[in-house]
Amino acid sequence: MSTNSHRKVETGYEVLVIGGGSAGLSAAMTFGRMRRKVLVCDDNQPRNLPSAHMNNFPGYDGASPIEWRKNVRRELEKYSTIQFHSDRVVNILQSESGFSVILESGQKTSVEKVLLAYGIRDQLPDIPGFKELWGQSVVHCPYCHGFEFQDKPLALFGDGDGAMHMLPLLLGLSEDILLFTQGPSQLNEAQKQKIRSQKIQIIEAPIQSLAYTGPQLEAIVLDNGERIARTALYLLTQFPLVRSAKIGQELGCKVNDFGLYETDTFGKTSVANVYAAGDITSIYGQSVLLSAATGSAAAARIVAELLIQKANF
Ligand SMILES: Cc1cc2nc3c(=O)[nH]c(=O)nc-3n(C[C@H](O)[C@H](O)[C@H](O)COP(=O)(O)OP(=O)(O)OC[C@H]3O[C@@H](n4cnc5c(N)ncnc54)[C@H](O)[C@@H]3O)c2cc1C
């Protein structure tokens, strides 16, 4: 793999992978092992970058996400047909032989197939402390960041059916949970009763800010000045998800109600020769491991298509 981001990109790649997170890196390895000529473009903003630890990935449980990416990039070095380029893909146009690609640096290239692996962008409420603590003690996923907060005072920021889904998961970690709805709740009476039966208080008074020291949440400060001690706050993910780029949309790929690309099991989108993998394809697959799996599956499918076509079988 060539990693020189200043090197000029070549032309005539078989595949462009957009994104070098877990989906894109895993795809790159599969392509490399089958000697396909592939360009991986990445602007280095993977979703878990704010977190110091990457959990729930066998063999790497608790590892640094930055170190994990470095390790994968090192492993990819032996695959000389993979070119890694630190640049943002800004535009792709369909051409007779495939796609013409324009990068933010102004460079252009051409590819036969495209794998979208550019992830999503989390949307944080505009409340002081959320951005500062994101990925540390303000988190979204109990599987990624839950075990570390077991039996601690926890908060959920959210409302409605999403809160009804998340609260039972949090009850598996701690008995001390508060629900913050940031205004009058949309929960119906039956839902409120279920929540209260688990000794979870529903707090509708808006949060004014989060008090913290370093990466550690200490208290939730309400508009009325009340200060409530908490160790971690879970933020409910909002749908539709915001994808990190509009390239798939501009190519005409169908998107579902969750904001994700519609694909088959192997990442094939509704547009010929365009595939997708990782967080932009599944609400259930939003983890490093599952994104890596979809990247690998999509790459295997693309490799098979390329080679079957070349062999004229
Ligand atoms: C705070 C936080 C902590 C998390 N912790 C964990 C954890 O502990 N364990 C776990 O399993 N999961 C964790 N996750 C989930 C995990 O980060 C994602 O599921 C995973 O990163 C998705 O991989 P991906 O390859 O789809 O996207 P990403 O990892 O987000 O990678 C996408 C890449 O594409 C790049 N990109 C975007 N647009 C373009 C473009 N136009 N051109 C070029 N490049 C582009 C981005 O900069 C980025 O580098 C966490 C998520 C968050 C938000």
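Whatever position you read off the sequence shown (first residue = 1), add 19 for the numbering used here. We put the CB at the ideal spot given by N, CA and C, even for glycine. Keep in mind the model is a prediction, meaning the values are calculated, not measured.
- With 16 other CB atoms within 10 Å as the buried threshold, where does A251 fall? buried
**Report entry** Cβ neighbour criterion (16 or more within 10 Å) applied to S315
**Finding:** buried
Let me check you understand the geometry: is the CB of Q305 closer than 7 Å to at least one non-hydrogen atom of ligand 1? yes
- Task: Could you name the residues of the same chain whose beta carbon sits closer than 6 Å to that of I121, not counting the 5 residues immediately before and after it, in chain order?
- Result: V109, N110 and K127
Name the one or two DSSP bridge partners that L240 has. Just to set this straight, residue 240 is Val in the shown sequence, not Leu. Answer is S228 and R246, bridged to V240.
Cα-Cα, which of V91, F168, V158 and K27 is closest to N67?
V158
Excluding the 5 residues flanking L173 on each side, which residues of the same chain have their C-beta closer than 8 Å to its C-beta? L189, L192, S193, D195, I196, L197, R249, T250, A251, L252 and Y253
| According to the Cβ coordinates, are A336 and T288 closer than 8 Å? | One cannot answer for residue 336 here, as it falls past the ends of the chain, which runs 20 to 332.
Subject >> From L186, G138 and S70, residue whose alpha carbon lies closest to that of I11 >> reply: One cannot answer for residue 11 here, as it falls past the ends of the chain, which runs 20 to 332.
query = Is A295 near ligand 1, going by C-beta to nearest heavy atom under 7 Å?
reply = no
Open item on the list: For G202, tell me which candidate among G177, P161, L279 and A330 has the shortest Cα-Cα distance.
Closed with: G177
Checklist entry - Does at least one heavy atom of ligand 1 sit under 7 Å from the Cβ of D170? => result no
Requested in this report: Put I221 into one of helix, strand or coil per three-state DSSP.
Outcome: strand
_With DSSP as the reference, identify every bridge partner of V261, one or two as the case may be._
R140
Got a sec, what are the start and stop residues for the alpha helix (DSSP H) S310 sits in? V307 to A330
Count the other CB atoms, across all protein chains shown, that sit within 10 Å of the CB of S41; report buried if there are 16 or more and exposed otherwise. buried
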